[in-house]
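Each step along the sequence shown adds one to the number in full-length UniProt numbering, with nothing skipped, and position 462 is 462.
Backbone N, C-alpha and C define an ideal beta-carbon position, used for all residues, glycine too.
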Amino acid sequence: MSTTIDYGKIKQFAARYPKPNGVSFSYGTAGFRTKAELLDSVIFRVGILGALRSKKLDSKTIGVMITASHNPEEDNGVKLVDPYGEMLEQKWEIYATQLANAHNADVLVNVIKDIVTVNDIDPTKESTVVYARDTRPSGVRLVEALEHGLKAVNANLVNFGIKTTPQLHYVTRCYNTLGTEASYGEPTEEGYYKKLAIAYRKIVEGLPRLPKIKVDAANGVGAPKLRELAKFIDEDILDVEVINDDIDTRGKLNFQCGADFVKTQQRVPLGLVLPAEQRAASLDGDADRIVYYYNDSDGTFKLLDGDKIASLAAGFIMELIKASGLEEINVGVVQTAYANGSSTNYLTKVLGVPVSCVSTGVKHLHHEAEKYDVGVYFEANGHGTVLFSPSSQARIRKAEGKTPENISALEKLRALIDLINQTVGDALSDLLLVEAILTYRRWTPKQWDQAYTDLPNRLVKVVVSNRHIFKTTDAERKLLEPKGLQEKIDLLVQQYKDGRSFVRPSGTEDVVRVYAEAATRHGCDELAFKVAGLVYDEAGGIGGRPTEFL
Ligand code: 16G
Ligand code: MG
C-alpha cells in the first residue's frame, strides 16, 4: 500500500463527512467536545491530522481518544495524544481547529497542503495511529469516521478498542518506547494491569489490608476496567467493590454519579450507601479523574479531592526520598487557582514543598511538573499524577542505599515509578497510589483528612453573550479584560475573611466560571454570588441572573 498522500482520495472520502453548517469548532483544553451528532466530520479530520503528525514525527505512533469524559451521554469528543503520552503540542491545536472548520473538501485539502508545507512534512513517510473510545453509544459510529480519515491518507490503523483515556496514553508511550532503554511497558491492556499490580504488591506486601473500598465508576468505562485490574491483584491486598457499573443502560453514564458530580455537588453519588467513616471513591466517565470521600460520624459529607490526594502523595514521596538517602532529589507540587487555599498553605508551610500555580488544563500542569525532579500535579477536580524526571529515575534505580532504611525506601520509590501512570492523570493508577499510602500509614480517611481543613468554597456558572471577551493573567487568578472588572472583584473580596475569588472563561462549556472561598460557608456563598452578579451585570450576562443565594 502506498504511504503517500493522495488528495483525490481524501476528497472522495471527505464527501461522506460534510461539515455541519453554522457550527464552529475549536480544539480546546479537552480537545473537541460537543454533541456527538455534530462530530463525524471533525473526527474524520482528526484522523487525517493524527496521520500527518505521525509523518512529521518520523513515523512515531500517535494516539486518538474518543470520549467526552464527565459530559452527558449525548456528547462526545476527541483528543490527540503525542508519542510519549502527552497532550498534542499546542501549535498543532490550531491545525486541528483549521481542519475541523474547513467548510468543504477543497478547503480541507488546501489546509492539509498548508500543514504539510509549513511543517516540511515528507508525505511518503509511514504513519500509524492507535485509537480507543469510551463506552458512549455514539463511539461506534465515530470510530468509523476516524478510520475513514486514517484510510484517506493511507495510515496504519491500530484499534485499541474500548479503553480508559489513560490506558490509551499508556499504550501510545509503550509503542514509541518499545525495545528502547526508556521502554514504558508492554503495549497491551494486560501489560498495563500487570505493571500496576506488581508495583502495588511491592508497596503493600506484608501490611494489614484496609477495609473494603467502594468505587463509583460513573457507569462508564472505568467499571469494567477496574474489575479487570482487580483480577490481577490478590484479594489479600486489595478489597474493592465497583458500584455504578451499568454501561449498557442508556442515560446512566455520569448521571448523578462520578467524580465531577461528587466534587461539584459535594455529596455521595446515586446508588451508594456509605456507612460513617468508611472511604469511597468516584471515577469520571473516562477514568482519568478520581476523588475520595467519607461521611463523618455526625453524617457530614467530607470530600478528599485532588488537593488532598496531592498532599498525601507529596508527603509520602518526600518521606521516602529522605529515608532513601537521596535528599538531593527535589520535589515540587503544581496546582491551579482552584486549589483550596488551605491545601496550598499546608503544602508550603507544613510540608515545606515548593508549589507552583498554573492555568487550568492538564497540559499546563504536566509541563510545569516536568521542571522538578519529582513533580506532583493535581487539579482540585481529581485529575493528576506524579512525574519522575529521567535523571531522578536513573538515580533511584542506581542507588544501593547504605542502611536497611535506605534500601526499603528505595524499593518503594522504584515501585512508585511503575505504579504511577506518568503519561497522564489516571484514576485507576491514582486509586492504587492512594490505597498503597493509606495501607502503609494505616490511616482511615478521617486521619488522612486531618492534614488540613478546606476553606468553604463555591463554584458558580454565569452565562454571558460572549465569554471570549474575558482575558486572564497570573495563572487565571486575575482578569485583564473586561477592563475595570478585576478592581470591582477585589473590592468585594476584601470584605471577607480569608476571601479569594477569581473569574475565568470555561474551556469546555459556553460559560464563565466564578470561584470563591472564604473563612465561613455563609461568607463564601455570599462572595461567590456577589461576584457572579457583578460579572452578569457588567459583562453581558444572559438568561437568569445568578441569584440562588442572595
Ligand atoms: C478539561 C481539562 C481539565 C480541566 C477542565 C476545566 C484536560 C485533559 N482536561 O477537562 O484538566 O480541569 O477542562 O474545564 O486538559 P473548564 O475550562 O470548563 O473549567
Ligand atoms: Mg475525564
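Within 8 Å, strictly: CB atoms of residue i and residue j
i	j	result
GLY251	PRO269	no
LYS125	SER59	yes
LEU229	LEU438	no
LEU178	ILE66	no
TYR170	ASN421	yes
LYS202	ALA399	no
LEU492	LYS461	no
PRO445	TYR292	yes
ALA30	GLY507	yes
residue 551	GLY361	Look at the range of the chain in this structure, 1 to 550, and you will see that residue 551 is not part of it.
LEU283	ALA218	yes
ILE48	LEU99	yes
ARG173	THR423	yes
VAL107	ALA51	no
ASP498	GLY341	yes
ASP234	LYS212	no
residue 560	LEU253	Residue 560 falls outside the range modelled here, since the chain spans only 1 to 550, and no answer is possible.
GLU241	LYS214	yes
GLY315	LEU351	yes
GLY222	ILE243	no
VAL64	TYR7	no
ALA436	LEU419	yes
ASN119	LYS56	yes
ALA14	VAL46	no
LEU431	ILE290	yes
ILE112	VAL78	no
SER127	SER183	no
ASP248	THR164	no
GLU476	ARG521	no
ALA302	ASP449	Per the sequence shown, the amino acid found at residue 302 is Lys instead of Ala. In this structure, ASP449 lies closer than 8 Å to LYS302 by Cβ.
GLU382	LYS263	Per the sequence presented here, residue 382 reads as Gly, with Glu not at that position. A contact, by the Cβ cut-off of 8 Å.
PRO324	GLY401	Correcting the residue identity first, residue 324 is Ser in this sequence and not Pro. Cβ distance < 8 Å, so SER324 and GLY401 count as in contact.
ALA281	VAL334	no
ASP75	ALA105	no
THR135	ILE94	no
Beta strand (DSSP E) segment containing residue i, residue limits
i	result
ASP516	Correcting the residue type first, residue 516 is Ala in the shown sequence and not Asp. Its beta strand (DSSP E) spans residues 512-517.
LEU326	Where LEU326 is concerned, there is no enclosing beta strand (DSSP E), given that its DSSP letter is neither H nor E.
ARG395	First-last for ARG395: 390-398, but that is the alpha helix (DSSP H), not the beta strand (DSSP E).
LYS461	457-462
LEU241	Looking at the sequence provided, one finds Glu at residue 241 rather than Leu. It spans 240-243 - the beta strand (DSSP E) in which GLU241 sits, taken as one unbroken run.
GLU481	478-481
PHE470	PHE470 -> no beta strand (DSSP E), and no H or E assigned at all.
PHE356	It should be pointed out that residue 356 corresponds to Ser in this sequence rather than to Phe. Residues 355-358.
VAL215	213-216
PHE378	374-378
THR34	32-35
PRO20	PRO20 -> no beta strand (DSSP E), and no H or E assigned at all.
PHE505	Before going further, note that residue 505 is Pro rather than Phe in the sequence given. Taken as a continuous stretch (DSSP letters only), the beta strand (DSSP E) holding PRO505 covers 500-505.
ASN156	156-162
Terminal residues of the alpha helix (DSSP H) in which residue i lies
i	result
residue 553	In the structure displayed, the chain extends from 1 to 550; residue 553 sits before or after that span and is not available.
VAL130	Taken as a continuous stretch (DSSP letters only), VAL130 belongs to no alpha helix (DSSP H), being part of the beta strand (DSSP E) at 128-133.
GLY191	189-204
ASN345	341-345
PRO137	Segment: none, PRO137 is in no alpha helix (DSSP H) and carries neither H nor E.
SER59	No alpha helix (DSSP H) holds SER59; DSSP gives it neither H nor E.
GLY222	222-231
PHE529	521-538
GLU186	Segment: none, GLU186 is in no alpha helix (DSSP H) and carries neither H nor E.
TRP448	445-449
TYR170	165-177
VAL493	485-493
ILE417	404-419
TYR27	That residue, TYR27, is in no alpha helix (DSSP H); it is neither H nor E in DSSP.
SER2	That residue, SER2, is in no alpha helix (DSSP H); it is neither H nor E in DSSP.
Checklist entry - Taking one C-beta from the region 180-196 and one from the region 401-416 each time, how about it: are there three or more such pairs within less than 8 Å? => result no
Checklist entry - Do the region 480-488 and the region 316-325 touch if we need at least three Cβ pairs shorter than 8 Å? => result no
Item to check | Runs of alpha helix (DSSP H) wholly within the region 61-109 (minimum 4 residues, chain order) | outcome: 90-101
Next on the checklist: For the structure I just gave you, are there three or more beta carbon pairs, one from the region 362-371 and one from the region 338-345, closer than 8 Å?
Outcome noted: no
Item to check | Given 8 Å, three or more beta-carbon pairs between the region 21-28 and the region 99-109 | outcome: yes
Next on the checklist: Threshold first: 3 residues or longer. Then list the beta strand (DSSP E) segments lying entirely within the region 240-305, N to C.
Outcome noted: 240-243, 280-283, 290-295 and 301-304
Checklist entry - Hey, is the region 369-377 in contact with the region 501-518, meaning 3+ C-beta pairs nearer than 8 Å? => result no
Next on the checklist: Whether or not the region 182-194 and the region 70-82 are in contact is what I'm after, with contact meaning three or more pairs of Cβ atoms, one per stretch, closer than 8 Å; do they touch?
Outcome noted: no
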